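Here's the structure we're looking at; comments come further down.
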Amino acid sequence: MAKLKIALYWAASCGGCEIAQLQIGDKLLKLAEAADIVFWPVAIDVKYKDVEAMPDKSIDVCLFNGAIRNSEQEHMAKMLREKSKVMIAYGSCAYEGCIPGLANLFNRELIFERAYVETPSTDNKERVFPQTKFKVPEGELTIPEFYDTVKTLRQTVDVDYIVPGCPPEEKTTWLALEALITGKLPPKGTVISHSVKAVCDDCPRKKDVKKVKKFYRTFEIIPAPEVCLLEQGLLCAGVATRGGCGAPCPQANMPCTGCYGPVEGVIDQGAHFLSAVASVIDSNDPEEIQRIIDDIRDPVGTFYRYSLPDSLLRRARIR
Amino acid sequence: MSFEPKIVGFCCNWCSYRGADLAGTARMKCSPNVRIIRVMCSGRVEPTFILKAFELGADGVLVLGCHPGDCHYVEGNYKAARRMPLLKKMLAQMGIEEDRVRLDWVSASEGDRFVAIVDEMTEKVRALGPFKNNFKEAKYG
Amino acid sequence: METPKIGVYVCHCGSNIAGTVDVQQVVEFAKKLDSVVVAREYKFMCSDPGQNMIKEDIKNLKLNRVVVASCSPLLHEPTFRHAVQEAGLNPYLFEMANIREQCSWTTEDHEKATEKAKALVSAAVKRVRYHQPLETKDVPVNPATLIVGGGIAGIQAALEIADAGHKVYLVEKDPSIGGHMIQFDKTFPTLDCSACILTPKMTSAGSHPNIELMTYSEVEDVSGFIGNFKVRVRKKARFVDEEKCNGCGVCMEKCPWKAPSEFDLGLGERKAIYTPFPQAVPNIPVIDKEHCVYFLRGRCRACEKFCERGAIDFEQQDKIVELEVGNIIIATGYDPFDPTPIVKYGYNRYPNVYTALEFERLCNAAGPTGGKIVLRDGSEPKSVAIIHCVGSRDENYHRYCSRVCCMYALKYSHLIKEKTEADVYQMYIDMRCFGKGYEEFYERLSKEGVKFIRGKVAEVTDRALTDEEKGKLIVCGEDTLLGTVIRVPVDMVILCIALEPRSDAKQVAQLFRISQGADGFFIERHPKLDPVATMTDGIFIAGCCQGPKDIPDTVAQASAAATRVLSLISKGKVELEATVAVIDEEKCSGCRVCNILCPYNAITFIEDKEVSRVNEALCKGCGTCVAACPSAAITHKHFTTEEIMAEIEGVLV
Numbered sequence: 000m001a002k003l004k005i006a007l008y009w010a011a012s013c014g015g016c017e018i019a020q021l022q023i024g025d026k027l028l029k030l031a032e033a034a035d036i037v038f039w040p041v042a043i044d045v046k047y048k049d050v051e052a053m054p055d056k057s058i059d060v061c062l063f064n065g066a067i068r069n070s071e072q073e074h075m076a077k078m079l080r081e082k083s084k085v086m087i088a089y090g091s092c093a094y095e096g097c098i099p100g101l102a103n104l105f106n107r108e109l110i111f112e113r114a115y116v117e118t119p120s121t122d123n124k125e126r127v128f129p130q131t132k133f134k135v136p137e138g139e140l141t142i143p144e145f146y147d148t149v150k151t152l153r154q155t156v157d158v159d160y161i162v163p164g165c166p167p168e169e170k171t172t173w174l175a176l177e178a179l180i181t182g183k184l185p186p187k188g189t190v191i192s193h194s195v196k197a198v199c200d201d202c203p204r205k206k207d208v209k210k211v212k213k214f215y216r217t218f219e220i221i222p223a224p225e226v227c228l229l230e231q232g233l234l235c236a237g238v239a240t241r242g243g244c245g246a247p248c249p250q251a252n253m254p255c256t257g258c259y260g261p262v263e264g265v266i267d268q269g270a271h272f273l274s275a276v277a278s279v280i281d282s283n284d285p286e287e288i289q290r291i292i293d294d295i296r297d298p299v300g301t302f303y304r305y306s307l308p309d310s311l312l313r314r315a316r317i318r
Numbered sequence: 000m001s002f003e004p005k006i007v008g009f010c011c012n013w014c015s016y017r018g019a020d021l022a023g024t025a026r027m028k029c030s031p032n033v034r035i036i037r038v039m040c041s042g043r044v045e046p047t048f049i050l051k052a053f054e055l056g057a058d059g060v061l062v063l064g065c066h067p068g069d070c071h072y073v074e075g076n077y078k079a080a081r082r083m084p085l086l087k088k089m090l091a092q093m094g095i096e097e098d099r100v101r102l103d104w105v106s107a108s109e110g111d112r113f114v115a116i117v118d119e120m121t122e123k124v125r126a127l128g129p130f131k132n133n134f135k136e137a138k139y140g
Numbered sequence: 000m001e002t003p004k005i006g007v008y009v010c011h012c013g014s015n016i017a018g019t020v021d022v023q024q025v026v027e028f029a030k031k032l033d034s035v036v037v038a039r040e041y042k043f044m045c046s047d048p049g050q051n052m053i054k055e056d057i058k059n060l061k062l063n064r065v066v067v068a069s070c071s072p073l074l075h076e077p078t079f080r081h082a083v084q085e086a087g088l089n090p091y092l093f094e095m096a097n098i099r100e101q102c103s104w105t106t107e108d109h110e111k112a113t114e115k116a117k118a119l120v121s122a123a124v125k126r127v128r129y130h131q132p133l134e135t136k137d138v139p140v141n142p143a144t145l146i147v148g149g150g151i152a153g154i155q156a157a158l159e160i161a162d163a164g165h166k167v168y169l170v171e172k173d174p175s176i177g178g179h180m181i182q183f184d185k186t187f188p189t190l191d192c193s194a195c196i197l198t199p200k201m202t203s204a205g206s207h208p209n210i211e212l213m214t215y216s217e218v219e220d221v222s223g224f225i226g227n228f229k230v231r232v233r234k235k236a237r238f239v240d241e242e243k244c245n246g247c248g249v250c251m252e253k254c255p256w257k258a259p260s261e262f263d264l265g266l267g268e269r270k271a272i273y274t275p276f277p278q279a280v281p282n283i284p285v286i287d288k289e290h291c292v293y294f295l296r297g298r299c300r301a302c303e304k305f306c307e308r309g310a311i312d313f314e315q316q317d318k319i320v321e322l323e324v325g326n327i328i329i330a331t332g333y334d335p336f337d338p339t340p341i342v343k344y345g346y347n348r349y350p351n352v353y354t355a356l357e358f359e360r361l362c363n364a365a366g367p368t369g370g371k372i373v374l375r376d377g378s379e380p381k382s383v384a385i386i387h388c389v390g391s392r393d394e395n396y397h398r399y400c401s402r403v404c405c406m407y408a409l410k411y412s413h414l415i416k417e418k419t420e421a422d423v424y425q426m427y428i429d430m431r432c433f434g435k436g437y438e439e440f441y442e443r444l445s446k447e448g449v450k451f452i453r454g455k456v457a458e459v460t461d462r463a464l465t466d467e468e469k470g471k472l473i474v475c476g477e478d479t480l481l482g483t484v485i486r487v488p489v490d491m492v493i494l495c496i497a498l499e500p501r502s503d504a505k506q507v508a509q510l511f512r513i514s515q516g517a518d519g520f521f522i523e524r525h526p527k528l529d530p531v532a533t534m535t536d537g538i539f540i541a542g543c544c545q546g547p548k549d550i551p552d553t554v555a556q557a558s559a560a561a562t563r564v565l566s567l568i569s570k571g572k573v574e575l576e577a578t579v580a581v582i583d584e585e586k587c588s589g590c591r592v593c594n595i596l597c598p599y600n601a602i603t604f605i606e607d608k609e610v611s612r613v614n615e616a617l618c619k620g621c622g623t624c625v626a627a628c629p630s631a632a633i634t635h636k637h638f639t640t641e642e643i644m645a646e647i648e649g650v651l652v
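Protein chains in written order, with numbering that gives the first Met the number 0: chain A, 0 to 318; chain B, 0 to 140; chain C, 0 to 652.
In structure tokens:
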């Protein structure tokens with residue numbers, strides 16, 4: 000059997016997905032037996048023009064991580080889509096926008112203002128901002144255009160499969176790679192994970208009925224090790240997050256933050272998480288409810304930490 | 000032509016939907032901008048419904064339940080009253096004006112109150128102008 | 000999913016819809032909607048020809064979904080569900096668009112009304128695509144009935160159900176049944192003696208083998224649902240053993256301590272151990288801890304010493320009784336309006352200003368004066384003014400008409416005329432004598448020399464302007480027929496006070512999960528077609544708790560409520576809502592967010608499978624758990640997320 004041709008690319012991301020890909024450990028050897036990597040900018044010196052030169056659909060699988068936040072990323076996503084038979088959104092950024100997607104609370108103007116003017120270590124009285132074109136004696140320099148809105152890979156190109164996680168757990172990555180290697184592919188659009196249930200199903204903590212009088216931030220309390228974190232007032236997203244990760248965070252006494260995205264069938268992860276959290280507030284008194292809610296400082300960052308661009312509203316309205 | 004806002008209304012089967020019916024039976028006039036979807040209880044209204052309405056082009060969303068203490072299902076309306084403030088706090092962060100979403104109570108006998116709320120909501124949303132999803136209109140990309 | 004074939008039927012409702020909404024346009028619009036096979040209009044969709052039109056189309060065009068755009072589903076959803084069922088379709092494959100109550104009737108602008116009607120039709124069409132056939136389940140009806148309130152309504156309903164052979168628990172908060180009616184002297188317009196017609200019924204209720212009387216008791220908690228309610232009743236300690244007491248009355252005779260009689264509205268006295276009135280049912284006294292000197296100071300126990308049966312039990316505690324019943328009738332009656340806040344009428348300021356209920360006691364042969372109509376000083380009044388609409392038809396108090404005051408005012412005129420030489424003045428706004436024999440009674444009284452003065456009384460005062468007025472109460476007002484200001488000096492004033500909701504009506508409503516109207520009375524399911532049922536299945540209302548009414552209407556309503564209960568008992572089963580919540584165990588992560596949200600405790604956590612499960616018999620289908628489920632693992636049948644999403648999309652066309 001001919002070896003698979005694999006491309007790996009990163010867009011708006013942190014590099015964690017690359018590390019996650021390496022984390023499969025000795026399974027890398029199995030992968031090397033079954034596949035050749037034809038494009039991987041983080042590790043192999045291949046130029047864009049080399050990719051451009053590849054015939055359409057000549058790549059078997061593209062594992063694309065990172066969100067789409069500028070024109071270069073969009074261009075590469077579209078080009079790799081053309082060249083690849085199977086396009087996989089690998090990791091939370093490509094899947095649903097992830098942390099870079101929280102920039103959708105702002106627009107380009109506000110982000111530039113912050114990054115190039117307001118940050119305390121910046122001295123930019125002339126208010127110089129990045130320009131997409133700049134003439135120098137040697138000719139014209141160009142950089143990609145920075146977009147107002149971060150998009151997911153699916154909002155940019157047709158995507159065949161999704162590997163969730165920030166970054167995906169080793170076993171999730173291997174589940175996807177194994178399917179590719181063996182050719183036993185699930186239906187198009189599948190989010191590849193070991194579970195269709197929420198993280199709670201993986202989590203060994205004891206769950207009871209939930210009645211919360213106060214929400215805490217993680218540094219405010221040391222939670223009891225065996226009791227459900229949400230019951231203890233920590234905003235654990237496990238209830239609203241696809242499992243399959245094995246619940247490593249709750250087992251390390253840290254609440255789940257939701258990186259595997261919504262549970263199968265959920266339209267908007269943040270809205271479901273929000274509804275569940277509000278529902279377990281143990282009060283019917285409007286003032287007390289408001290006081291309890293006041294402790295949730297950053298609702299969008301809490302409920303949509305990974306999924307803002309993929310949510311129903313996708314971004315904030317800037318007035 | 001003046002802007003005619005589209006408002007999605009969720010009414011519970013037992014109080015507010017009947018209040019809305021009563022407004023009609025009593026031939027009270029109210030603005031036609033609120034289109035009502037009947038649910039069994041205001042506690043059934045998922046935040047997702049409200050976001051979906053905005054995604055599909057609603058300019059406002061009105062949720063009406065039984066008065067506190069009068070819920071046909073004992074306290075479904077209290078659940079709505081827990082979710083709404085948190086949703087509103089999230090929506091505020093998303094730049095959505097407070098007046099576009101409203102949770103209120105109308106009993107089966109309050110046709111007049113139903114009309115007053117609908118008219119007031121319509122005017123407030125009218126004043127805010129159309130809700131546009133910035134994603135579709137983003138300037139760059 | 001089978002390919003949806005939808006039929007859309009738009010009703011004119013005469014001109015109710017078609018007068019405002021361009022029905023033709025709506026039909027044309029509907030025809031273009033996805034999956035719509037046929038769209039038609041008709042004058043009255045709910046009529047036989049209208050329903051037949053739908054049935055024919057289902058058969059001929061093989062429709063598998065039906066939308067009717069007409070009135071509120073609360074009115075005709077059952078009608079059309081039945082119609083589609085008759086044509087062989089599952090009744091849940093039907094959806095209604097409310098284009099009358101919520102569209103044509105509330106919208107003036109024809110164009111906007113038509114637009115709105117289209118949006119509502121589009122929502123129904125989009126929604127109905129996702130409808131699934133549902134089956135209802137039967138559960139047995141417990142044949143026992145709880146009746147709350149032992150006035151004439153409760154007694155009547157109890158007797159009817161008990162006579163039919165079924166168990167009734169009649170709970171009354173006072174020590175005796177009888178309600179307000181037993182306080183009355185005569186009843187209008189026939190002038191039957193109230194006690195004469197009521198006490199036989201009270202006795203029957205007290206001795207009926209199928210009626211368990213629970214007096215001096217209150218309902219504390221209600222759970223469950225139609226056919227299967229669980230009720231917790233607190234039997235307050237009487238300090239008299241009901242089993243031992245034979246009602247001889249010696250305890251009351253020997254008790255040295257007195258208190259104002261509640262039954263006589265403070266016009267007379269009773270003992271600290273007492274029955275409210277001599278014909279009380281049950282004829283078992285209670286000890287009033289507030290006035291019993293043993294409870295106050297630890298000494299006395301006279302009653303105990305004289306009771307030969309040893310029935311006095313100072314150690315008695317409240318007893319909690321758990322009942323299981325299939326149906327509940329609420330007949331908690333009314334409170335008389337307290338006219339003290341209407342300072343201008345002088346109640347509680349002038350001793351000879353009485354409320355109507357006080358006058359009933361004054362007139363009653365068993366009352367504090369032995370039926371003599373006398374002033375506080377014991378003398379007979381020479382003139383009496385009866386003021387109508389005190390607290391009724393008054394925007395400061397109650398807007399509604401209390402319905403009985405005109406008639407009892409006429410009755411008082413007659414009784415005063417019969418028993419005294421006094422002149423009687425009726426100060427009325429309108430005489431409302433609408434019942435059977437009422438107008439005739441009014442005519443008769445007009446001939447008995449009663450003076451009718453039309454006009455709302457402005458003031459009752461003792462400030463005399465003339466010698467003639469000295470020592471009298473002067474009723475001031477306008478005679479609107481003569482157009483003159485009048486001052487009528489009288490010895491006695493009777494205030495025809497409103498009937499108002501019980502002061503604890505709100506708590507009762509919350510306890511039984513029924514609703515109150517703006518006026519505070521309990522709301523019936525439909526003001527015309529379902530006046531005794533409530534929005535909560537298996538709970539019925541009768542008598543003045545639903546609104547002011549006279550004795551014949553109360554009895555009729557009580558009998559109607561009893562009949563409704565009996566028909567449920569004889570059917571023996573009720574259909575459970577099909578629109579319940581179900582948890583997909585393949586998706587439930589066992590997070591238990593939903594567990595605490597169910598007010599009916601219908602959700603249980605299955606420990607070994609680590610999933611939550613809904614008990615469909617307990618689920619009432621509110622959907623609160625569905626909205627909270629962070630995994631979307633709970634489906635609300637007939638209100639599924641996709642159905643509602645489709646509806647949202649539809650209304651936003």
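Where is the CB? At the ideal position from N, CA and C, for every residue including glycine.
Just so you know, these numbers come straight off a predicted model, no measurement behind them.
Residue-chain proximity (residue i, chain A), Cβ-Cβ < 9 Å
i                : result
Arg59 (chain B)  : It is worth fixing the name first, because residue 59 (chain B) is Gly in this sequence and not Arg. No, Gly59 (chain B) does not count as interfacial toward chain A.
Met213 (chain C) : no
Beta-carbon proximity of residue i to residue j, cut-off 9 Å
i                : j                : result
Ser630 (chain C) : Val262 (chain A) : yes
Arg402 (chain C) : Pro188 (chain C) : no
Val474 (chain C) : Glu458 (chain C) : yes
Val170 (chain C) : Ile568 (chain C) : no
Chain-ordered neighbours of residue i on chain A, where CB pairs are closer than 7 Å
i                : result
Ile415 (chain C) : Ordered by position in chain A, no residue passes the 7 Å Cβ test against Ile415 (chain C), which lies about 54 Å from the chain.
Separation of residue j from residue i, as counted between CA atoms
i                : j                : result
Glu108 (chain A) : Arg316 (chain A) : 13 Å
Ser175 (chain C) : Val581 (chain C) : 47 Å
Gly260 (chain A) : Ser83 (chain A)  : 25 Å
Gly148 (chain C) : Tyr168 (chain C) : 10 Å
Gln154 (chain A) : Thr19 (chain C)  : 44 Å
Contacts of residue i in chain C (Cβ-Cβ under 8 Å)
i                : result
Ala275 (chain A) : Cys590, Val592, Ala627, Cys628 and Pro629
For residue i, the first and last residue of its enclosing beta strand (DSSP E)
i                : result
Ile485 (chain C) : Thr483 to Val489
Limits of the alpha helix (DSSP H) - the one that residue i falls within
i                : result
Gly434 (chain C) : That residue, Gly434 (chain C), is in no alpha helix (DSSP H); it is neither H nor E in DSSP.
Ser70 (chain A)  : Ser70 to Lys82
Amino acids of chain B, ordered along the chain, whose beta-carbon sits closer than 7 Å to that of residue i
i                : result
Thr105 (chain C) : Ala22, Gly23, Met27, Lys28 and Cys29
Within chain A, partners of residue i - CB distance below 9 Å
i                : result
Ile595 (chain C) : Val208, Lys209, Lys210, Ser278, Val279 and Asp281
Lys117 (chain C) : In chain order: nothing, as chain A lies at least about 25 Å away.
Contact with chain C by residue i, beta-carbon distance below 9 Å
i                : result
Val114 (chain B) : yes
Val299 (chain A) : no
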